[in-house]
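What follows is a single structure, written as structure tokens, with notes after it.
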Ligand code: GLU
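Residue numbers (this note's numbering): 84 to 532.
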């Protein structure tokens, strides 16, 4: 490996020993960049890698809110404005009890490359809170969101930083956050957040975009392999917004998602989550704040496996779409033993580095990285920003066509970048290299910052 790359990785490991997720993403991305740094020795002189691993700005804030019984609670809020070289910081907010700086930073770092891959002018950012939405009432969620935004609003804006949703933050939360922003600023300000409701500047197809985009990308991989999506079975994890979009698009294209998972276990539905009723039920499950996938098997009478993950199922395609480190070595071994050809990451960093390495070296297996596969979500967020600043509303066809084209392009530029460095059809390295090239050029041209 390039000596400069190695040194930067070692520095990050030493400095961020208490943030393993952040170290994990740095190792994964930077090790792909070795050949690029070999070719660009000028990057070492300006310490481009030392800079890119350091957030431009990151802050924490106190969020105090009152529950329905009148008791006060205190959480920590975060926003990491990681890299603004190619556009305003852009990225979601995650509300989940395990949120801490290591999670926000890993997500922010991934976001830089993902956003660059969309081809649109958006920088990388991420935020959230250790607030746990499970079991909270709508009124509690509203009070939390209002308090969160009261602390954050001075530091964001349409040309500065444009937050959106992530785990625990969907349309309802974005509505409360936006309402509070508008109340505090007394201005609509081009929407500020993305993922808004469609009556107040939200884009059509934004709720579906991450899942649809993932299936469009999958389709490009299948085309590359002269294969067809029709009749394919897919194992997904999660049952939230992203998995919902995958189920819906897969159903339209004649494939079926046969597993879903939650913190309680996984369900296996051999008929597929492939009727309108089933797909819509996922929305109800999310709105209930119960965070239980067993509700699906109770309703539709299929098997539920408590405490287990779906990765031992023999299917055509694996799409981990729940959360980070969902697929570890023991699951990767099962996937390889089942000779599954397509391993398409969807959630951010769903695979541990050792498992990812192992899968990438399986003969005949194609591995696609989440930062490319899930980029359609933030890509359509950028289209929402464009519509808001134009004061226009695009049709579903217009947005969907742009999303489709975006995913084709992301797949193509990733494959081309890998090819350029003699790596063959390596979509993982290709996505890192293609995203990096754009951001690195912008940073280099903008001088010391
Ligand atoms: N949280 C999503 C992601 O990981 C969406 C971000 C956005 O739309 O800004 O990309």
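Ideal Cβ positions, reconstructed from N, Cα and C, are used throughout, including at glycine.
In terms of Cβ geometry, residue 257 and residue 248 form a close pair [threshold 8 Å]. Of all C-beta pairs linking the region 452-469 to the region 282-301, three or more are shorter than 8 Å, placing the two stretches in contact. Counted as a single uninterrupted DSSP element, the beta strand (DSSP E) harbouring residue 166 occupies residues 155-166. According to the DSSP assignment, residue 147 belongs to the beta strand (DSSP E) that extends over 140-149. With a threshold of 7 Å, the Cβ atom of residue 275 does not count as near the ligand GLU, since no heavy atom of the ligand is closer than that. Here residue 84 is exposed: its Cβ has fewer than 16 other Cβ atoms, across all protein chains shown, within 10 Å. Around residue 217, the same chain offers 372, 374 as residues with beta carbons nearer than 7 Å, after the five sequence neighbours per side are excluded. Boundaries of the alpha helix (DSSP H) harbouring residue 489: 479-503, taken from the DSSP string.
Counting only runs that start and end inside the region 191-260, the beta strand (DSSP E) elements of at least 3 residues fall at 206-212, 244-248.
Going by beta carbons, residue 253 and residue 275 fall outside the 8 Å limit. Membership of residue 358 in any alpha helix (DSSP H) is not indicated, and neither H nor E is assigned to it by DSSP.
Proximity of the beta carbon of residue 461 to the ligand GLU is indicated: a heavy atom of the ligand is located closer than 7 Å.
Between residue 301 and residue 492, the alpha-carbon positions lie close to 13 Å from each other. Proximity to residue 366 across 393, 405, 404, 326 peaks at 326, based on C-alpha coordinates.
The C-beta of residue 494 has 16 or more other C-beta atoms within 10 Å across all chains shown, which makes the residue buried.
Inclusion of residue 197 in the 7 Å shell around the ligand GLU follows from its C-beta lying nearer than that to a non-hydrogen atom of the ligand.
For the pair of segments examined, the region 313-330 was found not to touch the region 501-515: the number of CB pairs separated by less than 8 Å stays below three. Within the same chain, Cβ atoms closer than 7 Å to the Cβ of residue 242 are found at 171, the five residues on either side in sequence being excluded.
DSSP places residue 86 inside the alpha helix (DSSP H), whose first and last residues are 86-98.
A contact between stretches requires three or more CB pairs, one per stretch, nearer than 8 Å, and the region 120-133 fails this requirement with the region 190-198.
Counting only the Cα atoms, residue 289 lies some 13 Å from residue 282. Taking a 10 Å sphere around the C-beta of residue 379, we find 16 or more other C-beta atoms and assign the residue as buried.
Counting C-beta pairs with one atom in each stretch, the region 515-531 and the region 127-139 have three or more that are closer than 8 Å, which means they touch. In the three-state reduction of the DSSP assignment, residue 111 falls in the helix class, which pools H, G and I.
Take residue 179, set aside five residues on each side of it, and the residues of its chain with a beta-carbon closer than 6 Å to its own are 250, 251, in chain order.
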